[in-house]
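Accompanying notes for the structure given below.
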Amino acid sequence: MGKPIKALQLRHVDAGSCNGCEQELTALGNGFYDMQHFGIDVVASPRHADGLVVTGPVTDTMKRPLVQDWDAVPEPKWLIALGDCAAGCGVFQDAYACHGGVDGMRTPDLVISGCPPKPQDILQKIALWRKTLG
C-alpha cells in the first residue's frame, strides 16, 4: 500500500450540519483531549490531507464543494463520516435540500455514529482505526 502513516492529517468538511459535531470535533484540539498527541491533526487544505472528516447531511449547496475537496485529496485517501447525519441516518435525512449522508458519494472508511458523538468516542475510534492503516 505504500509508506505507513506516521501522522493522520484530516480535512474537515461541514456538508450542512447543525454544528453539534463541529463543537465535539473542535474540542479534540484542546489540552484535555490533545488529538495531536495521538498523531491526528486537522489541516486547512485538502491537498495536505490524508482524508476527509465530513459532518452533516450533504446539502444542495455543499455537494459540489465536498466532491471538489475529495478530488483534491491525494491518493491514498480516506473518508470518515462523523455523526449520524454524515452516516446517512440523522434527523435531516428527509429535508428537501439534503442528499443523505456521504455514502451517496462513496462508502466511508470509518463511521463514527452519534448525535453528536462524544469527543472521547471520536478520538478513540479515529486513533484505533489509524493503527490499522499501518
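Following the numbering used here, the numbering of the sequence shown begins with 35 at its first residue and continues without gaps. Quick reminder that beta carbons are idealized off the backbone N, C-alpha and C, glycines included.
Assigned secondary structure, residue i (DSSP; H/G/I helix, E/B strand, else coil)
| i | result |
| --- | --- |
| Gln102 | helix |
| Leu162 | helix |
| Leu16 | Shown here, the chain extends from 35 to 168; a query on residue 16 therefore has no answer. |
| Val136 | helix |
| Gly85 | strand |
| Leu59 | helix |
| Met35 | Here the model assigns Met35 a pLDDT of 49, short of 50, so the residue's position is not dependable, and the following value carries that caveat. Three-state DSSP puts Met35 in coil, outside helix and strand. |
| Leu143 | Correcting the residue type first, residue 143 is Asp in the shown sequence and not Leu. Three-state DSSP puts Asp143 in coil, outside helix and strand. |
| Asp48 | strand |
| Asp155 | helix |
| Lys40 | coil |
| Asp94 | helix |
Cα-Cα separation between residue i and residue j, rounded to whole angstroms
| i | j | result |
| --- | --- | --- |
| Trp163 | Leu144 | 8 Å |
| Gln102 | Gly65 | 32 Å |
| Arg45 | Val125 | 24 Å |
| Arg81 | Val107 | 5 Å |
| Ala61 | Gly138 | 28 Å |
| Val136 | Gln154 | 23 Å |
| Leu157 | Pro99 | 26 Å |
| Ser147 | Asp94 | 23 Å |
Task: Cβ pair count under 8 Å reaching 3, the region 63 to 73 against the region 125 to 139 - done: no
Task: Validate contact between the region 83 to 98 and the region 111 to 118 using beta carbons, cut 8 Å, 3 pairs - done: Cβ pair count under 8 Å is three or more, so yes.
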